[in-house]
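Undergrad:
Printed below as a string of structure tokens:
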């Protein structure tokens, strides 16, 4: 099997994103290996040993995605027996010409705390995470005036991971509120605490089969997990979304990244962090 | 000001990562704009209108980072007045030659739920998020045998965002445990519930000044937030980390991405998700 190395003198997150996008073009089983913070010649030489060892073990050339700021370190890495890909190579010159500006590479500018010199943008993410935690699962309805968005849905439709992702990745204060049997599913109304914040609400749903599977992992054989109950709750909730003109999304086939990106695309919610 | 567009027929997360890394080379103030799920000719034409409008408004050519799978959509986008950068362009052919395999582009393979056809990897992330939430702030010490890692530190040193990031991004079950005054700071010991799990513990610290600032936002003027108390707690905790040989990190100058990547690099913790 091919070993894929993601190497950088920083977090290697950019090398990973770059490599992942490249590999997504090829239906290929691989082994992933990240070497982050390779910030000295010694560490770069150790990385080269690992690359060469992987080559000898498998007989297949490792693929190296790297994004080094230091040319000295880069030279060491590219001396390995791997096949090297550095996307910065190709684009810095044309972008520099377009911007009429010299590139001034600096380690840790991509995922560091002072992105574009703004610590505030970082702090706003941490604040958003704290907010989303404090407002998980309908736990703190008095703070909804501070929410950027309130996710709504029945139990186990992905509200919590989506809230946290919106907070961590975009600095968005995302609360979430669960619709439960207490809300009288037979004639479901928008819960009272949410009514003043209707314009911030976004609904999540799932296919009944998937909800049934997820709930069964929690409480197998329960009424809560039964196909009948799942189907009923989802039906009533979707009816309510439509009646109340609340935008909503069936998240069955989407990852948390996709759900978050779709919500942003549909709501024009402003990001506090790029 | 330049407008930077990130455009894709998927989440545009890859275009964003690519663009962010490119722009990190240039000290430049810009306006960011993401257009995700541009998956029809009509939407692509709307995107082109937005690009051209931004050009007319500012007099500066917008920079476009895009990653389209569909060539038809890409053709529409590149007909705009923006300056186009598509990193897939340059690397697919050489990687294809190295892998001796044709590229088979497919939308949503990068950030979709079925990454490399494995739904399990996605579910493991959601499980990890649920675990980390249930084990936030020392709330559930009976589940520590399931933890991949347990973050330790005094109040407000970044344990919670780091745990959630590890869970969301890497599928790592990260618990966290706060050291408080109840732990008798004067002669601080490793808390009892943690002792059987010593090999999984990772400590977080901060500089006293930064901790003082963060705590002051919460409870200004309190003893809890005072420089003296912050300095004292950090001192005692670091002594304890050293005595107990617990690896630790001063997170003052690092973003949550960097802290998480550093923890992974130091502990060789296995990722459940790439």
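Protein chains in written order, with this note's numbering: chain W, 1 to 274; chain S, 1001 to 1274.
Glycine is no exception: its CB is placed at the ideal position from the N, C-alpha and C atoms.
So with CB distances below 8 Å, who are the chain W contacts of residue 1055 (chain S)?
TA: Residue mapping note: residue 1055 (chain S) aligns to position 55 of the second chain, counting from 1. Ordered by position in chain W, no residue passes the 8 Å Cβ test against residue 1055 (chain S), which lies about 13 Å from the chain.
Undergrad: How should residue 47 (chain W) be labelled, buried or exposed, when 16 other C-beta atoms within 10 angstroms of its C-beta is the threshold for buried?
TA: Stepping through the first chain from its first residue, residue 47 (chain W) is reached at position 47. Label assigned to residue 47 (chain W): buried.
Undergrad: Run the CB neighbour count on residue 1064 (chain S), radius 10 Å, all protein chains shown included, and call it buried at 16 or more, exposed below.
TA: Here the question's residue 1064 (chain S) lines up with position 64 in the second chain. That one is buried.
Undergrad: Taking 9 Å as the CB-CB cut-off, is residue 34 (chain W) touching chain S?
TA: Walking along the first chain from the start, residue 34 (chain W) turns up at place 34. By this cut-off, residue 34 (chain W) is an interface position.
Undergrad: Take residue 1061 (chain S) as the anchor and find which of S:1050, S:1071, S:1070 has the nearest alpha-carbon.
TA: Position 61 of the second chain holds residue 1061 (chain S). Closest option to residue 1061 (chain S), Cα to Cα, is S:1050.
Undergrad: By DSSP, does residue 21 (chain W) sit in helix, in strand, or in coil?
TA: Within the first chain, the letter at position 21 stands for residue 21 (chain W). Here residue 21 (chain W) sits in helix by DSSP.
Undergrad: Are the CB atoms of residue 1261 (chain S) and residue 37 (chain W) within a distance shorter than 9 Å?
TA: As a first step, residue 37 (chain W) must be located in the first chain, where it is residue number 37. As a first step, residue 1261 (chain S) must be located in the second chain, where it is residue number 261. Yes; because the gap between Cβ atoms is below 9 Å, this pair is in contact.
Undergrad: Hey, does residue 1249 (chain S) have any beta-carbon neighbour from chain W nearer than 9 Å?
TA: Start at 1 with the first residue of the second chain, and residue 1249 (chain S) comes out as number 249. False, the Cβ-Cβ gap to chain W never drops below 9 Å.
Undergrad: Which whole runs of the alpha helix (DSSP H) in the region 53-94 of chain W are 4 residues long or more, in chain order?
TA: Runs found: 71-78.
Undergrad: Which first and last residues belong to the beta strand (DSSP E) in which residue 1032 (chain S) is found?
TA: By one-based count along the second chain, residue 1032 (chain S) stands at place 32. Residues 1030-1035.
Undergrad: In chain order, which beta strand (DSSP E) runs of at least 3 residues are fully inside the region 132-164 of chain W?
TA: Within the region 132-164 of chain W, the complete beta strand (DSSP E) runs of at least 3 residues are 149-154.
Undergrad: Under a three-way DSSP split, which group does residue 115 (chain W) fall into?
TA: As a position in the first chain, residue 115 (chain W) is number 115, starting the count at 1. Model confidence at residue 115 (chain W) stands at a pLDDT of 48, short of 50, so the residue's coordinates are unreliable; what they give is reported in the following sentence. In this structure, residue 115 (chain W) counts as helix in the three-state DSSP scheme.
Undergrad: Report yes or no: do three or more beta-carbon pairs, one from the region 1255-1269 of chain S and one from the region 1210-1219 of chain S, lie closer than 8 Å?
TA: Touching, no.
Undergrad: Return the CA-CA distance between residue 204 (chain W) and residue 1181 (chain S), expressed in angstroms with no decimal places.
TA: Here the question's residue 204 (chain W) lines up with position 204 in the first chain. Here the question's residue 1181 (chain S) lines up with position 181 in the second chain. Cα to Cα, residue 204 (chain W) sits roughly 41 Å from residue 1181 (chain S).
Undergrad: Residue 1111 (chain S) touches chain W at which residues, Cβ-Cβ below 7 Å?
TA: Translated into positions along the second chain, residue 1111 (chain S) becomes position 111. Simply 255, 257, 258.
Undergrad: Along the chain, where does the beta strand (DSSP E) that runs through residue 26 (chain W) open and close?
TA: On the first chain, position 26 is the one that residue 26 (chain W) refers to. Taken as a continuous stretch (DSSP letters only), residue 26 (chain W) belongs to no beta strand (DSSP E), as it is neither H nor E.
Undergrad: Quick one: is residue 1160 (chain S) near chain W, going by C-beta distance under 9 Å?
TA: For this step, residue 1160 (chain S) is matched to residue 160 along the second chain. Yes, because at least one Cβ of chain W sits closer than 9 Å to the Cβ of residue 1160 (chain S).
Undergrad: Where does residue 182 (chain W) sit, in a helix, a strand or coil, going by DSSP?
TA: On the first chain, residue 182 (chain W) is found 182 positions in, with the first residue counted as 1. Of the three classes helix, strand and coil, the one that applies to residue 182 (chain W) here is helix, per DSSP.
Undergrad: Please identify the residue among W:81, W:106, W:145 whose C-alpha is closest to the C-alpha of residue 58 (chain W).
TA: Position 58 of the first chain, counting from 1, holds the residue named residue 58 (chain W). Checking every option, the nearest Cα to that of residue 58 (chain W) belongs to W:81.
Undergrad: Run through DSSP, which three-state label would residue 8 (chain W) get?
TA: Here residue 8 (chain W) refers to the residue found at position 8 of the first chain. If DSSP states are grouped into helix, strand and coil, residue 8 (chain W) belongs with the strands.
Undergrad: Checking contacts by CB at 9 Å: is residue 5 (chain W) closer than that to chain S?
TA: Taking the first chain and counting its residues from 1, the one referred to as residue 5 (chain W) is at position 5. It does not: the Cβ of residue 5 (chain W) has no partner Cβ on chain S nearer than 9 Å.
Undergrad: Looking at the unbroken beta strand (DSSP E) that takes in residue 205 (chain W), where does it start and where does it end?
TA: Locating residue 205 (chain W) in the first chain gives position 205, where the first residue counts as 1. Residues 201-205.
Undergrad: On the DSSP letters alone, give me the boundaries of the beta strand (DSSP E) that residue 248 (chain W) sits inside.
TA: The sequence position of residue 248 (chain W) within the first chain is 248, counting from 1. Taken as a continuous stretch (DSSP letters only), the beta strand (DSSP E) holding residue 248 (chain W) covers 248-250.
Undergrad: Grouping DSSP H, G and I as helix and E and B as strand, with all else coil, what is residue 224 (chain W)?
TA: Locating residue 224 (chain W) in the first chain gives position 224, counting from the first residue. Coil.
Undergrad: Quick one: which residues of the region 1161-1179 of chain S get their C-beta closer than 9 Å to a C-beta of chain W? List them in chain order.
TA: Per Cβ criterion, the list reads 1161, 1164, 1165, 1167, 1168, 1169.
Undergrad: Consider the Cβ of residue 304 (chain W): report whether some Cβ of chain S lies at a distance smaller than 9 Å.
TA: The question about residue 304 (chain W) has no answer, for chain W in this structure spans 1 to 274.
Undergrad: Would you say residue 12 (chain W) reaches chain S, if we count a Cβ-Cβ gap shorter than 9 Å as a contact?
TA: One-based indexing of the first chain puts residue 12 (chain W) at position 12. Yes, contact with chain S.
Undergrad: Are the beta-carbon atoms belonging to residue 55 (chain W) and residue 33 (chain W) less than 9 Å from one another?
TA: Start at 1 with the first residue of the first chain, and residue 55 (chain W) comes out as number 55. Start at 1 with the first residue of the first chain, and residue 33 (chain W) comes out as number 33. No, these two residues do not count as a Cβ contact at 9 Å.
Undergrad: Which term fits residue 75 (chain W), buried or exposed, when burial requires 16 or more other beta carbons within 10 angstroms of its beta carbon?
TA: As a working note, residue 75 (chain W) is residue 75 in the first chain. Answer is exposed; the Cβ neighbour count stays below 16.
Undergrad: Using the beta-carbon count (16 or more within 10 Å), is residue 42 (chain W) buried or exposed?
TA: Here residue 42 (chain W) refers to the residue found at position 42 of the first chain. Counting Cβ neighbours within 10 Å, residue 42 (chain W) comes out exposed, since fewer than 16 surround it.
Undergrad: Work out the CA separation of residue 127 (chain W) and residue 1134 (chain S) for me, nearest whole Å.
TA: Walking along the second chain from the start, residue 1134 (chain S) turns up at place 134. Walking along the first chain from the start, residue 127 (chain W) turns up at place 127. Whole-angstrom Cα-Cα distance: 20 Å.
Undergrad: Excluding the five sequence neighbours on either side, which residues of its own chain have a C-beta within less than 8 Å of the C-beta of residue 220 (chain W), listed in chain order?
TA: Numbered from 1 along the first chain, position 220 holds the residue referred to as residue 220 (chain W). Contacts found: none.
Undergrad: Determine the direct distance from the alpha carbon of residue 1023 (chain S) to that of residue 105 (chain W), and round the result to whole angstroms.
TA: Along the first chain, read from residue 1 onward, the residue named residue 105 (chain W) stands at position 105. Along the second chain, read from residue 1 onward, the residue named residue 1023 (chain S) stands at position 23. Approximately 10 Å, taken between the alpha carbons.
Undergrad: Could you give the DSSP three-state label for residue 177 (chain W): helix, strand or coil?
TA: Along the first chain, read from residue 1 onward, the residue named residue 177 (chain W) stands at position 177. DSSP places residue 177 (chain W) in strand when its eight states are reduced to three.
Undergrad: Spatial neighbours of residue 1085 (chain S) within its chain, please: CB distance less than 6 Å, with the 5 preceding and 5 following residues excluded, ordered by chain position.
TA: By one-based count along the second chain, residue 1085 (chain S) stands at place 85. So the list reads 1065, once near-sequence residues are dropped.
Undergrad: Does the CB of residue 103 (chain W) have a neighbour CB from chain S at under 9 Å?
TA: Numbered from 1 along the first chain, position 103 holds the residue referred to as residue 103 (chain W). Chain S, which has a Cβ nearer than 9 Å to the Cβ of residue 103 (chain W), makes this yes.
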